[in-house]
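*Asks:* Chains as they are written, first to last, in the working numbering: chain F, 596 to 787; chain V, 10 to 601; chain H, 11 to 255.
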Amino acid sequence: MSSMALQPDRGSQSPAQTSPALSGVWVAVAAITMSFAAFTSSLIIRQASGNDWRHLALPGILYLNTVILLASSLTVETARRKGISSLASMRFWLHLTLTLGAAFLAGQAFAWHRLRTEGLYLATSPNSSFFYVLTVLHALHILGGLCAFIYVIRRTASASLWRVAAIDAAAVYWHFLAGLWVYLLLVLRTRL
Amino acid sequence: MSDASAPVAHQHAAPTGLLRKYVFSLDHKMIGKQYYGLALVSVFLGMILSWLMRFHLVWTNAAIPGLRLLSKNGAPGGVMTPEYYLSLLTMHGTLMVFFVLTNAPFAGFGNYFLPIQIGAEDMAFPRFNMMSFWVTFVAFLVLIASFFIPDGPPISGWTAYAPLSAVGKDAGPGLAWGQNLWAISIGLFCVGQLLGSLNFIATTLDLRTKGMTLSRLPISTWAWFITSCIGLLAFAVLLPACVLLILDRVAGTSFFIPAGLVISDHLQPHSGGSPLLWQHLFWFFGHPEVYIAIVPAMGIVSHILMASMRKPLLSVKVVYGSMIAIGFLSYMVWGHHMFLSGMNPFSALVFSFPTLIITIPATIITMIWIGSIYGANLRFHTPALFSLGFVSVFVAGGVSGFFLAQPSLDIYLHGTYFVVGHFHMVMGVAAIFGILAGTYFWFPKMSGRMMNDTLGKIHFWLTFIGVYCIFMPFHFLGFAGNVRRYSTFVDDYLQPLLPLHKFISIAAFLTGAAQLIFLYNLIYSRFKGAPAPENPWEATSLEWSTTSPPPFDNFGGRHVVVKRGPNEYGVDGAHGDFIMQDSPEPEPAAGD
Amino acid sequence: MGKLLAVVLLVIAIGSAIPILMHTWWMPEDISSHGYMIDKQMSETMAESGIAFVAAQLVLAGFVAMFGDKKNGRKATHLPGGAKAVVIAAIALVGTEVLAPLPIQVQAEQFGFYFRYAGPDGKFGPLHPDKIDEGNQNFFGLDPANDVESRDDIIAASLVIPVNKPISLMMHAKDVGHSFYVRELRIQQDFVPGLDIPMHFTATKVGKYEIVCTQLCGLGHYNMRAYLEVKSQEDFDQWLKQQSQ
Numbered sequence: 596m597s598s599m600a601l602q603p604d605r606g607s608q609s610p611a612q613t614s615p616a617l618s619g620v621w622v623a624v625a626a627i628t629m630s631f632a633a634f635t636s637s638l639i640i641r642q643a644s645g646n647d648w649r650h651l652a653l654p655g656i657l658y659l660n661t662v663i664l665l666a667s668s669l670t671v672e673t674a675r676r677k678g679i680s681s682l683a684s685m686r687f688w689l690h691l692t693l694t695l696g697a698a699f700l701a702g703q704a705f706a707w708h709r710l711r712t713e714g715l716y717l718a719t720s721p722n723s724s725f726f727y728v729l730t731v732l733h734a735l736h737i738l739g740g741l742c743a744f745i746y747v748i749r750r751t752a753s754a755s756l757w758r759v760a761a762i763d764a765a766a767v768y769w770h771f772l773a774g775l776w777v778y779l780l781l782v783l784r785t786r787l
Numbered sequence: 010m011s012d013a014s015a016p017v018a019h020q021h022a023a024p025t026g027l028l029r030k031y032v033f034s035l036d037h038k039m040i041g042k043q044y045y046g047l048a049l050v051s052v053f054l055g056m057i058l059s060w061l062m063r064f065h066l067v068w069t070n071a072a073i074p075g076l077r078l079l080s081k082n083g084a085p086g087g088v089m090t091p092e093y094y095l096s097l098l099t100m101h102g103t104l105m106v107f108f109v110l111t112n113a114p115f116a117g118f119g120n121y122f123l124p125i126q127i128g129a130e131d132m133a134f135p136r137f138n139m140m141s142f143w144v145t146f147v148a149f150l151v152l153i154a155s156f157f158i159p160d161g162p163p164i165s166g167w168t169a170y171a172p173l174s175a176v177g178k179d180a181g182p183g184l185a186w187g188q189n190l191w192a193i194s195i196g197l198f199c200v201g202q203l204l205g206s207l208n209f210i211a212t213t214l215d216l217r218t219k220g221m222t223l224s225r226l227p228i229s230t231w232a233w234f235i236t237s238c239i240g241l242l243a244f245a246v247l248l249p250a251c252v253l254l255i256l257d258r259v260a261g262t263s264f265f266i267p268a269g270l271v272i273s274d275h276l277q278p279h280s281g282g283s284p285l286l287w288q289h290l291f292w293f294f295g296h297p298e299v300y301i302a303i304v305p306a307m308g309i310v311s312h313i314l315m316a317s318m319r320k321p322l323l324s325v326k327v328v329y330g331s332m333i334a335i336g337f338l339s340y341m342v343w344g345h346h347m348f349l350s351g352m353n354p355f356s357a358l359v360f361s362f363p364t365l366i367i368t369i370p371a372t373i374i375t376m377i378w379i380g381s382i383y384g385a386n387l388r389f390h391t392p393a394l395f396s397l398g399f400v401s402v403f404v405a406g407g408v409s410g411f412f413l414a415q416p417s418l419d420i421y422l423h424g425t426y427f428v429v430g431h432f433h434m435v436m437g438v439a440a441i442f443g444i445l446a447g448t449y450f451w452f453p454k455m456s457g458r459m460m461n462d463t464l465g466k467i468h469f470w471l472t473f474i475g476v477y478c479i480f481m482p483f484h485f486l487g488f489a490g491n492v493r494r495y496s497t498f499v500d501d502y503l504q505p506l507l508p509l510h511k512f513i514s515i516a517a518f519l520t521g522a523a524q525l526i527f528l529y530n531l532i533y534s535r536f537k538g539a540p541a542p543e544n545p546w547e548a549t550s551l552e553w554s555t556t557s558p559p560p561f562d563n564f565g566g567r568h569v570v571v572k573r574g575p576n577e578y579g580v581d582g583a584h585g586d587f588i589m590q591d592s593p594e595p596e597p598a599a600g601d
Numbered sequence: 011m012g013k014l015l016a017v018v019l020l021v022i023a024i025g026s027a028i029p030i031l032m033h034t035w036w037m038p039e040d041i042s043s044h045g046y047m048i049d050k051q052m053s054e055t056m057a058e059s060g061i062a063f064v065a066a067q068l069v070l071a072g073f074v075a076m077f078g079d080k081k082n083g084r085k086a087t088h089l090p091g092g093a094k095a096v097v098i099a100a101i102a103l104v105g106t107e108v109l110a111p112l113p114i115q116v117q118a119e120q121f122g123f124y125f126r127y128a129g130p131d132g133k134f135g136p137l138h139p140d141k142i143d144e145g146n147q148n149f150f151g152l153d154p155a156n157d158v159e160s161r162d163d164i165i166a167a168s169l170v171i172p173v174n175k176p177i178s179l180m181m182h183a184k185d186v187g188h189s190f191y192v193r194e195l196r197i198q199q200d201f202v203p204g205l206d207i208p209m210h211f212t213a214t215k216v217g218k219y220e221i222v223c224t225q226l227c228g229l230g231h232y233n234m235r236a237y238l239e240v241k242s243q244e245d246f247d248q249w250l251k252q253q254s255q
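(1) Does the beta carbon of residue 171(V) sit closer than 9 Å to a beta carbon anywhere in chain H?
(2) Since residue 245(V) and residue 626(F) are thought to touch, with beta carbons under 8 Å apart, how far apart are those beta carbons, to the nearest angstrom?
(3) Kindly give me the distance between the Cβ atoms of residue 265(V) and residue 286(V), rounded to whole angstroms, as I take these residues to be in contact under 8 Å.
(4) Run through DSSP, which three-state label would residue 217(H) get?
(5) Tell whether a beta-carbon distance below 9 Å holds between residue 73(H) and residue 385(V).
(6) Using a Cβ distance threshold of 8 Å, determine whether the segment 175-195 of chain H contacts the segment 211-221 of chain H, with at least three qualifying pairs required.
(7) For residue 103(V), collect the residues of the same chain with a Cβ closer than 6 Å to its Cβ; drop the 5 residues on either side in sequence, then sort them by chain order.
(8) Taking 9 Å as the threshold (beta carbon to beta carbon), is residue 763(F) in contact with chain V?
(9) Could you tell me if residue 298(V) is buried or exposed, where buried requires 16 or more neighbouring beta carbons within 10 angstroms of its beta carbon?
(10) Among the candidates 642(F), 657(F), 673(F) and 747(F), whose CA atom is the shortest distance from the CA of residue 776(F)?
(11) Which residues of chain F have a Cβ atom closer than 9 Å to the Cβ of residue 323(V), listed in chain order?
(12) Residues of chain F with CB under 8 Å from residue 305(V), in chain order?
(13) Along the segment 470-481 of chain V, where does the CB come closer than 8 Å to a CB of chain H? Name the residues.
(14) Less than 6 Å between C-beta atoms, sequence neighbours within five positions excluded: which residues of the same chain meet that for residue 685(F)?
(15) Contact defined as beta carbons within less than 8 Å: I believe residue 460(V) pairs with residue 398(V). What is the distance between those atoms, to the nearest angstrom?
(16) Contact defined as beta carbons within less than 8 Å: I believe residue 96(V) pairs with residue 196(V). What is the distance between those atoms, to the nearest angstrom?
(17) In whole angstroms, what is the alpha-carbon distance linking residue 540(V) and residue 457(V)?
(18) Consult DSSP for residue 307(V) and reduce its assignment to one of helix, strand or coil.
(19) List, in chain order, every chain V residue whose beta-carbon is nearer than 9 Å to that of residue 645(F).
(20) Under 9 Å Cβ-Cβ, which residues of chain H neighbour residue 47(V)?
(21) State the CB to CB distance for the pair residue 729(F) and residue 779(F), rounded to an integer number of angstroms; the pair is presumed to be in contact (CB under 8 Å).
(22) Alpha carbon to alpha carbon, how far is residue 324(V) from residue 4(V)? Give it in angstroms, no decimals.
(23) Would you check if the distance between the CB atom of residue 651(F) and the CB atom of residue 732(F) is smaller than 9 Å?
(24) Just confirm the distance between the C-beta atoms of residue 175(H) and residue 229(H), as a whole number of angstroms; I'd bet it's less than 8 Å.
(25) With 9 Å set as the bound, which would you pick, yes or no: does the beta-carbon of residue 706(F) sit closer than that to a beta-carbon of chain B?
(26) Output yes if chain V places a C-beta closer than 9 Å to the C-beta of residue 216(H); else output no.
(27) Under a Cβ-count criterion, where at least 16 other Cβ atoms within 10 Å of its own Cβ denotes burial, should residue 109(H) be classed as buried or exposed?
(28) Compare the Cα-Cα distances from residue 170(V) to each of 197(H), 151(H), 227(H) and 158(H) and report the closest residue.
(29) Grouping DSSP H, G and I as helix and E and B as strand, with all else coil, what is residue 658(F)?
(30) Going along the chain, which residues of the segment 227-244 of chain H sit with their C-beta nearer than 8 Å to a C-beta in chain V?
(31) Can you give me the start and stop residues for the alpha helix (DSSP H) that residue 139(V) sits inside?
(32) Residues bridged to residue 201(H) by DSSP?
(33) Nearest-angstrom Cα distance between residue 645(F) and residue 201(H)?
(34) Using the beta-carbon of each residue, which ones in chain F are nearer than 7 Å to residue 211(V)?
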């Protein structure tokens, strides 16, 4: 990960050129979008192919989780806008984002626990299969985002140019994950 | 460099320890060589597997010495069983497509030369780069491990069609743990390629040196950049497919397995899955994969052809445009692999049209190559010969695509040796020729020593004639309706075709043996070859303005400034008929 | 070196064309009512692609022989017309390329084909996968004890059909993916587990032909085959009568 942030902007002919960290994140966003597009189109095809589709009632905690994740998107944006001008304040907002992200994961874990107590496991039905696959993979990406935040917070100790790129990149990734979650929630909720 | 006066520290210092220098290296040049080495091991392994299969096809009951040691169950007494033939077939396809055709021209040469060609010191994310290779290497080990489990490798082919690949041990040997290892290996491979593609794209966009605009990128860099865009989206779809396949196999889900299947007298405990879903996901990856193999080879060959013709291509911009069009269209044609899958005949028309359209950019590129030779001053060194050979085999493999793109003809030819001949010619042989051309061309830069040109030429002639002897008759077999993936030909109508099979097998043994000349040349030249000058081919791109091999930071602390495009051949320069990209003299009137 | 490459390219082009022109290895005779269209399209494609292949190799050979390096004795020139001419030619070249029956059920399984005829009542009995018992010859999983329609169903190991009569095959797989390929019928169709796939054809010539599987289906794939027997209508009726006894 360190290479992502350490990279100074060398190839530029004009100062406006983006940093590798930021373009790297956009490229990653494209790849992850493609993966989840593949998963959700599989869900649509699978729903139409068998007569064993039983729509499942989503645990209510998911809506609370959604609110938490969207709030964390706001806090990371606040941190990003603080920038290098007020380092202490930026660190505060980043810690808040980290906490909210961890709370989201805890909430997701609770949702999985609820489904299991209802007897809905990975292989129980096609809907539960897709529910677990999509939520678990999304949670893994969230975990990756949390690691990025921990890294950014550690690096804010020493101020230099690269840090701006690092927090920009982490913020783009986090906003994307929030948007992705809303999309997944809609797909899992809607009967197509 | 935004500011040439400010010294920029290299992002990671030159390593001193052996482990950091040769094994867990962050240097893109070492990683490129590691990828190339892995591909080299895989290609010889894959070739040996094809020898075993060709031998078994024509001398079905003869024992193959030593095969018993590889697999006790698969070859009792050294005679291959039908299921072991299928295991070898699966491993041959998987090794060649993933670990050779993807690794060597794209990950191998791309890693080594893309940063140098754009004047960068390294990739954008060296740690991701190292991870990408080591994940790929683990994927290779996992795949090879299937040889050493009691059941042997899977028998479902490199396409791993569900439900054969999804139901587990009831469906046949190798479909228990062998298939698990296969799916894990391919999943890991996807991760490695995604990290690699991400690196290539960010590097090309952000690390170009001063004056290196997008239009001044050498054509090989363009090809790697386009390929990484194709690969990013293609492997991002194969990875979910592998995840779902593994879940079907180990967690009891039913993504790909429909209800009511009775396999080996067991009613399978699955319901409602869709086998076509696997085919859709797989071919959505699978067709772009063809271009992941061939587009870098096109770039390498164009790059070498210009240096050997001593003139630019008729229009490099048209070639870029055609390569982008190929990349874009490759996502709209996956269904043409499924004309016979029972989907709506209207869909067949929908997929047939872009499949015919995609031949237009491919034809344009080919005709640009041939047309550009007109009026050239061709130098026939080994890399040039392999590049010209590439053009020839690409045409041969391309025209057979016309047949398969038409659903009505595909009805007859699908599943026959015609298809085998087609994709071996256009994807296998053509891409391998690109790899070999690249090897002879860039070896001096990579090792600091020249390869032996005489041995290189002998290698070319044997290989060029050999591949036609092997793969052209495959098309004839296809016309005669010879079905593929059969370990033995018991059907009556196949008996008259056996002599042709014997011819192919003998040609395959000889052509394969000719590759040992290449291997010898490679190893001998690495240690005993003549020292290579900085620019042995009088080429123009940036890799030729640094030492052979390049120093750790590629340009020895020099800040390269690019003054002009990469194709300044056939002009009046200070040192011959070409001008280097970073050469300081004023731009002459001639050239494009 | 250029001349040598040119000669080799020439030999390759001619060597590849001869077996095709001679039809040394070619499609067997067509016995279906629809096959002549496929044969015609095959010949046209063969002519166009063959000419394209030979022409490309010959032009490549010619250029390679003509434009070898004369040690800088000649200034490099471009093809008259340049890239534009090439693009137009390519598009022009490729552009020209762009364009009640008797029901029988066939089941593909590892590693064979079984065929079911509806019998005198014209109805197929329902299938019960849990009742499949190869040992007792119950390949389809029929339940004649409970299903009236199943009692007169005829199961055969060969596909026997009357000549010149439209056939509707209903294809399903018992286990994994298979394919149904009869060269002479110019027909190839995949079996996809979970799907019932219909296929229509009419055979126009009496004889015995091989049906083979072309979708990799497991260890016995190479040996998975059956016979197609095309009989005259009288012979077919006779055969059907024998089977139902």
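Backbone N, C-alpha and C fix where the C-beta goes; we use that ideal spot for every residue, glycine too. In this text, all values refer to a predicted model and were calculated from it rather than measured experimentally.
*Replies:* Let's see:
(1) For the purposes of this step, residue 171(V) is taken as residue 162 along the second sequence, with counting starting at 1. With respect to chain H, the C-beta atom of residue 171(V) has a partner C-beta closer than 9 Å.
(2) Locating residue 245(V) in the second sequence gives position 236, counting from the first residue. Locating residue 626(F) in the first sequence gives position 31, counting from the first residue. The Cβ separation is near 4 Å, so the contact holds.
(3) On the second sequence, position 256 is the one that residue 265(V) refers to. On the second sequence, position 277 is the one that residue 286(V) refers to. The pair is a contact, with the Cβ atoms about 6 Å apart (cut-off 8 Å).
(4) Sequence index remark: in the third sequence, residue 217(H) carries index 207 (1-based). In this structure, residue 217(H) counts as strand in the three-state DSSP scheme.
(5) Taking the third sequence and counting its residues from 1, one reaches residue 73(H) at position 63. Taking the second sequence and counting its residues from 1, one reaches residue 385(V) at position 376. Their beta carbons are under 9 Å apart, which means residue 73(H) touches residue 385(V) by this criterion.
(6) Result yes; three or more Cβ-Cβ pairs closer than 8 Å.
(7) One-based indexing of the second sequence puts residue 103(V) at position 94. Same-chain partners within the cutoff: 167.
(8) Against the first sequence, residue 763(F) aligns to sequence position 168. With 9 Å as the cut-off, residue 763(F) does not count as an interface residue toward chain V.
(9) In the second sequence, residue 298(V) corresponds to position 289, counting from 1. By the neighbour-count rule (16 or more Cβ atoms within 10 Å), residue 298(V) is buried.
(10) Within the first sequence, numbered from 1, the residue matching residue 776(F) stands at position 181. Taking only the C-alpha atoms, the option nearest residue 776(F) is 657(F).
(11) Reading the second sequence from its first residue, position 314 is the one you call residue 323(V). Think of a sphere of 9 Å around the beta carbon of residue 323(V): no beta carbon from chain F falls inside it, the nearest being about 29 Å out.
(12) Position 296 of the second sequence holds residue 305(V). Within 8 Å Cβ-Cβ: nothing; residue 305(V) doesn't reach chain F, min ~18 Å.
(13) Result list: 470, 473, 474, 477 and 481.
(14) Locating residue 685(F) in the first sequence gives position 90, counting from the first residue. Cβ neighbours of residue 685(F) beyond the five flanking positions: 674 and 677.
(15) Position 451 of the second sequence, counted from the start, is the residue given in the question as residue 460(V). Position 389 of the second sequence, counted from the start, is the residue given in the question as residue 398(V). Not a contact, Cβ separation roughly 16 Å.
(16) Against the second sequence, residue 96(V) aligns to sequence position 87. Against the second sequence, residue 196(V) aligns to sequence position 187. Between residue 196(V) and residue 96(V) the Cβ distance is about 20 Å, and since that is not below 8 Å, they are no contact.
(17) Residue numbering aside, residue 540(V) sits at position 531 when the second sequence is read from its first letter. Residue numbering aside, residue 457(V) sits at position 448 when the second sequence is read from its first letter. Going by the C-alpha atoms only, they are around 6 Å apart.
(18) The residue you call residue 307(V) lines up with position 298 of the second sequence. Residue 307(V): helix per DSSP, three-state reduction.
(19) As a working note, residue 645(F) is residue 50 in the first sequence. 263, 267, 268, 280, 281, 282 and 283, listed in chain order.
(20) Position 38 of the second sequence holds residue 47(V). Per Cβ cutoff of 9 Å: no residues; residue 47(V) is ~27 Å from chain H at best.
(21) Within the first sequence, numbered from 1, the residue matching residue 729(F) stands at position 134. Within the first sequence, numbered from 1, the residue matching residue 779(F) stands at position 184. Residue 729(F) to residue 779(F), Cβ: 5 Å. Contact.
(22) Residue 4(V) falls outside the range modelled here, since chain V spans only 10 to 601, and no answer is possible.
(23) The sequence position of residue 651(F) within the first sequence is 56, counting from 1. The sequence position of residue 732(F) within the first sequence is 137, counting from 1. Cβ atoms of residue 651(F) and residue 732(F): not closer than 9 Å.
(24) To locate residue 175(H), count along the third sequence from 1; it is residue 165. To locate residue 229(H), count along the third sequence from 1; it is residue 219. Between residue 229(H) and residue 175(H) the Cβ distance is about 37 Å, and since that is not below 8 Å, they are no contact.
(25) Absent from the structure: chain B. Protein chains present are F, V and H.
(26) As a working note, residue 216(H) is residue 206 in the third sequence. Output row for residue 216(H): interface = no.
(27) As a working note, residue 109(H) is residue 99 in the third sequence. Any reading at residue 109(H) must be qualified, since the residue scores a pLDDT of 40, below 50, and its modelled position is unreliable; no value is offered.
(28) Here residue 170(V) refers to the residue found at position 161 of the second sequence. The closest CA to that of residue 170(V), considering only 197(H), 151(H), 227(H) and 158(H), is found on 227(H).
(29) Residue mapping note: residue 658(F) aligns to position 63 of the first sequence, counting from 1. Three-state DSSP puts residue 658(F) in a helix.
(30) Here the close residues are 227, 228, 229, 230, 231, 232, 233 and 235.
(31) Position 130 of the second sequence holds residue 139(V). Unbroken alpha helix (DSSP H) run through residue 139(V): 135-154.
(32) As a working mapping, residue 201(H) is identified with position 191 in the third sequence. Looking at the DSSP output, residue 201(H) bridges to 188(H).
(33) Working through the first sequence from its first residue, we reach residue 645(F) at position 50. Working through the third sequence from its first residue, we reach residue 201(H) at position 191. Going by the C-alpha atoms only, they are around 17 Å apart.
(34) Here residue 211(V) refers to the residue found at position 202 of the second sequence. The answer, in chain order, is 615, 618, 619 and 622.
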